[in-house]
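Residue numbers (UniProt numbering), protein chains in the order written: chain A, 1 to 192; chain B, 1 to 192.
Ideal Cβ positions, reconstructed from N, Cα and C, are used throughout, including at glycine.
Model, not experiment: these values are computed from the prediction.
The structure appears right after this line, and notes come after that.
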DNA sequence: TTTGTTGGCCAACGTCTGTTGACTTGAGGA
DNA sequence: TCCTCAAGTCAACAGACGTTGGCCAACAAA
């Protein structure tokens, strides 16, 4: 536990501003100048701390991932009864997006992955190293292989329409209704 | 049917180049200079023809929508038996993305809507004026109101993971397998 | 008190962006 | 044949971008 030196504080301020900007506008529309202004610092300091814009983006993503890795994107599913698997998945996913504090790592990543190939690559990595293994642990690797991608499609589709595009009929549902309505669809894929 | 004058030809060349660029890279990363180069024309001509970059984007979207409006985003569903509704929806959607010629209007729109608020607004308009009515015609307005948003989540999630993020397990499925695996999930939402 | 290091600011670079206006070309009607 | 007007080129603008390097102030070690 190092004492938070002065540089650590501004470093953290830059990171916080960067996460907000990247989450709200994506990689390309986020400028180092704007991040620096949010952090009340000179743009050149951002370069000193993070090397480049891409370095800042990487750091902003990594900063949200310093929690224990296990239940990062999916919780431990082996303890969940099979008939509650789908609902658990949807609930966990929605809580990640709407929890307190809201975890903006996925928002950062998704908003940028659509137009930035590096971010898309990182998203694929997360799928392979985290989402797929969690499902494989409970479904077995061969069933998970056929199913995990379609689960991801459904959950990311939810995120896309509810948090990025903000389609009115999707944002209108409260959390409980959303989970109740969407879980059967996820369950249908799990049965395949 | 006016004779295709010289200006119509270059106008069409610009539009074609613009659609490809917008579809591949989204609004912000597409530059007028690059579009002009693809069309072998001076950048200033793009401005003469379309007024501004936003005007070019609007025209690129509208150009893909001059087909008869009825089955633009969804076909006529009233003739489809209830038990084939889900599969029809998924098949139609996948064919729109992978047909010959591939219809890049949705790709243009989706890639940009994630970071560009004007594109997102247009996407919401399309949902309200085209996707929702098609479902309401067969489900009735009150059931469609609760269901259409979740259908959109599922189908757009498919497009997101298969065509934009290119998640390997989703791109690996061939068209028939994809439709067969995903239709039950859509059916589950329709039953709600 | 001097010295070295750290955190920070300022000014500028080269490049790219959307956009504008003036100039040139070429074909078709009078 | 000349004239006109549309189609197209060229050069430049003002601003924003990522990035760089030099300079300054404060503070701790010597």
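Can you check which of these residues, 90/A, 169/A, 145/A, is closest to residue 156/A by C-alpha distance?
90/A
Kindly say whether residue 12/A, judged by its beta-carbon, lies nearer than 8 Å to any beta-carbon of chain B.
no
Taking residue 128/A as the reference, which of 7/B, 166/B, 16/B has the closest Cα?
166/B
On the CB-based measure, 16 or more other CB atoms within 10 Å of its CB, does residue 23/B come out buried or exposed?
buried
Give me, in chain order, the residues of the same chain whose beta-carbon lies closer than 7 Å to that of residue 42/B; leave out the 5 immediate sequence neighbours on both sides.
36
Could you list the residues in the segment 152-169 of chain B with a C-beta less than 8 Å from some C-beta on chain A, going in chain order?
Within the segment 152-169 of chain B, the qualifying residues are 152, 153, 154, 155, 156, 157, 158, 160, 161, 162, 164, 165, 166, 167, 168, 169.
Is any beta-carbon of chain A found at less than 8 Å from that of residue 106/B?
no
Using 8 Å as the Cβ pair cut-off and three pairs as the minimum, do the segment 117-126 of chain A and the segment 128-143 of chain B touch?
no
Could you check whether residue 56/B and residue 105/B sit closer than 8 Å to each other, using their CB atoms as the reference points?
no
Could you list which residues in chain A have their beta carbon closer than 8 Å to that of residue 89/B, in chain order?
The premise fails here: residue 89/B is roughly 13 Å from chain A at the closest Cβ pair, so nothing lies under 8 Å.
Measuring alpha carbon to alpha carbon, tell me which of 161/A, 59/A, 97/A, 48/A ends up nearest residue 119/A.
59/A
Can you tell me whether DSSP reads residue 125/B as helix, strand or coil?
helix
Return the chain-ordered list of same chain residues with a C-beta closer than 8 Å to the C-beta of residue 26/A, the five sequence neighbours on each side being excluded.
A distance below 8 Å between beta-carbons, with the five flanking residues on each side excluded, links residue 26/A to the following residues of its chain, in chain order: 111, 112, 114, 115, 116.
For the UniProt domain "HTH tetR-type" (8-68) of chain B, list the alpha helix (DSSP H) runs that are entirely contained and at least 4 residues long, ordered along the chain.
32-38, 43-50, 53-63
Smallest Cα separation from residue 74/A: which of 97/A, 189/A, 10/A, 45/A?
97/A
Does residue 78/B come out as helix, strand or coil in the three-state DSSP assignment?
coil
Check this for me: beta carbons of residue 161/B and residue 146/A, under 8 Å apart or not?
Contact: no.
My understanding is that residue 184/A touches residue 188/B, with C-beta atoms under 8 Å, so please give their C-beta distance in whole angstroms.
4 Å
Taking the continuous alpha helix (DSSP H) assigned at residue 101/B, which residues delimit it?
Careful: residue 101/B lies outside any alpha helix (DSSP H) and carries neither H nor E.
Just reading off the alpha helix (DSSP H) that residue 172/B is part of, what are its end residues?
It is not in any alpha helix (DSSP H) - residue 172/B carries neither H nor E in the DSSP assignment.
Using the three-state DSSP reduction, which class does residue 165/B fall into: helix, strand or coil?
Residue state, collapsed to three classes: coil.
Counting only beta-carbon separations shorter than 8 Å, does residue 45/B have a partner in chain A?
no
Do residue 63/B and residue 29/B have their CB atoms nearer than 8 Å?
no
Beta-carbon separation of residue 61/B and residue 107/B under 8 Å?
no
Using a Cβ cut-off of 8 Å, pull out every chain B residue sitting near residue 198/A, in sequence order please.
Past the edges of chain A, shown from 1 to 192, lies residue 198/A, and the structure says nothing about it.
Are the CB atoms of residue 79/B and residue 190/B nearer to each other than 8 Å?
Their beta carbons are not under 8 Å apart, which means residue 79/B does not touch residue 190/B by this criterion.
Taking the CB atoms as reference points, tell me whether residue 94/A and residue 179/A lie closer together than 8 Å.
yes
Rounded to whole angstroms, what's the CA-CA distance from residue 49/B to residue 103/B? Just pull it up for me.
23 Å
Residue range of the alpha helix (DSSP H) that residue 136/B falls in?
132-139
What is the C-beta distance between residue 13/A and residue 21/A, in whole angstroms, given that I count them as a contact (C-beta under 8 Å)?
Actually they do not touch by this definition, with Cβ atoms about 13 Å apart.
8 Å is my cut-off, CB to CB: does residue 22/B come that close to chain A?
no
Tell me whether residue 17/A counts as near the ligand ZN, meaning its Cβ is closer than 7 Å to at least one heavy atom of that ligand.
This structure simply doesn't include the ligand ZN, nor any ligand for that matter.
Do residue 45/B and residue 10/B have their C-beta atoms within less than 8 Å of each other?
yes
Does DSSP put residue 114/B in a helix, in a strand, or in coil?
Note: residue 114/B maps to coil in three-state DSSP.
Output, in sequence order along the chain, the residues in the segment 118-137 of chain A whose CB is closer than 9 Å to any CB in chain B.
120, 123, 124, 127, 128, 132
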